[in-house]
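Report on the structure given below.
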Amino acid sequence: MKIKTRITELLGIRYPIIQGGMMWVGTAEMASAVSNAGGLGTLTALTQPTPEALVKEIARCREMTDQPFAVNLTLLPAVNPPPYAEYRQAIIESGIKIVETAGNKPHEHIEAFKQHGIIVIHKCTSVRHALSAQRIGADVISIDGFECAGHPGEDDIPGLILIPAAADQLTVPIVASGGFADGRSLVAALALGAEGINMGTRFCATQEAPIHPNIKQFYVDNDERATHLLYRQFRNTARVAKNAVSDLVVKMSEDPNLQFEQIRPYVSGLKGKLALENGDVDAGVLTAGQVMGLIHDIPTCQTLIENIMQEAEQIVHQRLAQFFPR
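With numbering that gives the first Met the number 0, the residue at position 219 of the sequence shown is 218, and numbering never jumps.
Next up, the structure:
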C-alpha cells in the first residue's frame, strides 16, 4: 500500500494517520506502537509530572522506535498552570522534530519551536483560529470537528463542514480530527480537503494503549450517542463518555447558578486517571468521542493501521470507481 500526501512527505511517515495527544494515554508505549506501525505517534507532555520526567519519557520512546514521533503540548486555562515554558524547553533540548500544540494563545510556543526548526502541528476547532495559527508559522493545521473527544470549542461545527471550510482558506496541509476510525474515515477526510487524519478515542481501544482492558471494552460497547458535553456554561466545553460521574455533572449543570467549584471534586483529572488505571468506568470523567459508534474491536496498532489503509485503498479503487465508469 502506497500513499503520498503532503503530510506523509513533511513528517516522514508511511501513512497519513496521527495519534493525537491524549492526557494519561500518550506514553512511550502508545506513541512507539503507532510510529512503528507507520503512523505518527504522539507523547503527551503534561502526562509527565515534570519537564525532567518528559525528557526521560522521550528517551524511553526513542528506545522503542526509530520512526518519527511527536510531542503534544496543550495549553489550557488553569488556576495554577503548569510550567509550560519549561516543558517547551525540555522538548527543544531533547531534539524533538515534530510538536503538536493545542489550546489558548500558542503564539510564543509556536514561535519558539519554529526558531529551532521544529515542525508544528497546531490543533484547533475553528477556521479563524486555524488562519491565525497559519499566520504565526504553524506547518500543519489539525482541525477538530464537533464530534471529537475532549474540547470541541464553542462553535459546534461538525467535521463535514469544518474540514472543507478550512481547506478552502488554508494553504498549509490539514489533518482532519474528530470522528475518524477506519478506511472510510480516511477517504472521506481526503475528499474533504485534508491530507491525513488524527485519531484519539480509536487508538484508546488498541492492545498497546496504556489503559485498563475494562475501559477499552467500554469504548467498544458504547455507541455514537454515549457522550455528554460538560462545562458549556463555563465556555470550556468537553465531550466525555456517559457514566455515573458525567451523568451527575450534567444534572448539576441544570442549575443556572452553578459554580465550577461545585463540580470540581467530581471532574478531577486525577480521578479520570485512576479510572483508566483500575478499570472502574464510573470512577471519574472519561474523555471519549462520538466515534465510539465506529469502534468494534481492540486490535494492535499495526493491525488497526493496516486495516485502515487496506479499506481506504479498496474504497478508492473499487467502490468509488464503479460510480464513475470510463
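Virtual Cβ for every residue (Gly too), placed ideally from N, Cα, C.
Quantities reported herein were computed from a predicted structural model and do not represent experimental measurements.
According to DSSP, residues forming a beta bridge with residue i
{"i": "residue 109", "result": "Answer is none; residue 109 lacks a bridge partner."}
{"i": "residue 239", "result": "227 and 286"}
Under the three-state DSSP convention, the category residue i falls into
{"i": "residue 211", "result": "coil"}
{"i": "residue 47", "result": "coil"}
{"i": "residue 120", "result": "strand"}
{"i": "residue 4", "result": "coil"}
{"i": "residue 292", "result": "helix"}
{"i": "residue 206", "result": "coil"}
{"i": "residue 19", "result": "coil"}
{"i": "residue 335", "result": "Nothing can be reported for residue 335, as the shown portion of the chain is limited to 0 through 325."}
{"i": "residue 40", "result": "strand"}
{"i": "residue 14", "result": "coil"}
{"i": "residue 34", "result": "helix"}
{"i": "residue 234", "result": "coil"}
{"i": "residue 255", "result": "coil"}
{"i": "residue 297", "result": "coil"}
{"i": "residue 281", "result": "coil"}
{"i": "residue 115", "result": "coil"}
Residue i: CB within 7 Å of a non-hydrogen atom of the ligand GDP
{"i": "residue 225", "result": "Annotation note on the ligand GDP: not contained in the displayed structure, which lists no ligands."}
Alpha helix (DSSP H) segment containing residue i, residue limits
{"i": "residue 227", "result": "It is not in any alpha helix (DSSP H) - residue 227 instead sits in the beta strand (DSSP E) that spans 226 to 229."}
{"i": "residue 133", "result": "126 to 134"}
{"i": "residue 322", "result": "Careful: residue 322 lies outside any alpha helix (DSSP H) and carries neither H nor E."}
{"i": "residue 274", "result": "268 to 277"}
CB of residue i within 8 Å of CB of residue j, strictly
{"i": "residue 43", "j": "residue 79", "result": "no"}
{"i": "residue 144", "j": "residue 162", "result": "yes"}
{"i": "residue 178", "j": "residue 153", "result": "no"}
{"i": "residue 221", "j": "residue 17", "result": "no"}
{"i": "residue 219", "j": "residue 229", "result": "no"}
{"i": "residue 208", "j": "residue 24", "result": "yes"}
{"i": "residue 5", "j": "residue 194", "result": "yes"}
{"i": "residue 30", "j": "residue 40", "result": "yes"}
{"i": "residue 140", "j": "residue 175", "result": "no"}
{"i": "residue 130", "j": "residue 102", "result": "no"}
{"i": "residue 273", "j": "residue 181", "result": "no"}
{"i": "residue 300", "j": "residue 54", "result": "no"}
{"i": "residue 142", "j": "residue 106", "result": "no"}
{"i": "residue 99", "j": "residue 69", "result": "yes"}
{"i": "residue 57", "j": "residue 95", "result": "yes"}
{"i": "residue 158", "j": "residue 237", "result": "no"}
{"i": "residue 217", "j": "residue 290", "result": "no"}
{"i": "residue 235", "j": "residue 76", "result": "yes"}
Residue range of the beta strand (DSSP E) that includes residue i
{"i": "residue 311", "result": "Where residue 311 is concerned, there is no enclosing beta strand (DSSP E), although the alpha helix (DSSP H) it sits in stretches over 300 to 313."}
Subject >> Every unbroken beta strand (DSSP E) inside the segment 140 to 198 [3 residues or more] >> reply: Considered as a whole, the segment 140 to 198 harbours 173 to 176 and 196 to 198 as its complete beta strand (DSSP E) runs of no fewer than 3 residues, in chain order.
**OP:** Could I get the ranges of all uninterrupted beta strand (DSSP E) runs contained in the segment 55 to 103, with 3 residues as the minimum, in chain order?
**Re:** List check, beta strand (DSSP E) in window: 68 to 74 and 97 to 102.
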